[in-house]
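Taking this note's numbering, the leading residue of the sequence shown gets 1, the next gets one more, and so forth.
Here a beta-carbon is modelled for each residue, glycine too, at the ideal position from N, C-alpha and C.
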Amino acid sequence: MSEQFVDLDGIFNLALKQTEDLIKIGFDISDPCVFTDLEWIANKYPEMAERCNNTLLELIKKQAAATPAFVGAGYFHNDLDFF
């Protein structure tokens, strides 16, 4: 019986690139409504959760430094008038 090996580094690198692409097109990855590929991989492969979560936190810090007024704004109760 042959065993299949999962390329965890390849999966991580792809998830990182796709998360960085979300940032480039303007998504606030700190918004709880945004579910990134890194988060999905962390849930799918528990052995990668710490690596994915640490990387995601670093990306959020970088995004916050680049656009501090934008990141973390999210939705507040006074924004509900717009819906």
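Practice prompt. Determine the extent of the alpha helix (DSSP H) in which I23 is found, giving its start and end residues.
Written response: Within the sequence shown, numbered from 1, the residue matching residue 23 stands at position 23. That run of the alpha helix (DSSP H) goes L8 to K24.
Worksheet entry | C-alpha distance - E39 paired with P46, whole-angstrom precision | The residue you call residue 39 lines up with position 39 of the sequence shown. The residue you call residue 46 lines up with position 46 of the sequence shown. Approximately 11 Å between the Cα atoms of the pair.
Worksheet item: Where does Q63 sit, in a helix, a strand or coil, going by DSSP?
Response: Position 63 of the sequence shown, counted from the first residue, corresponds to residue 63. Look at Q63 here: in three-state DSSP terms it is helix.
Worksheet item: For L59, is the classification buried or exposed, using 16 other Cβ atoms within 10 angstroms of its Cβ as the cut-off for buried?
Response: Indexing the sequence shown from 1 puts residue 59 at position 59. Taking all protein chains shown into account, L59 has 16 or more neighbouring C-beta atoms within 10 Å of its C-beta and is therefore buried.
Worksheet entry | 8 Å contact criterion, which L16 and T55 should meet: CB distance rounded | By one-based count along the sequence shown, residue 16 stands at place 16. By one-based count along the sequence shown, residue 55 stands at place 55. Between T55 and L16 the Cβ distance is about 6 Å, and since that is below 8 Å, they are a contact.
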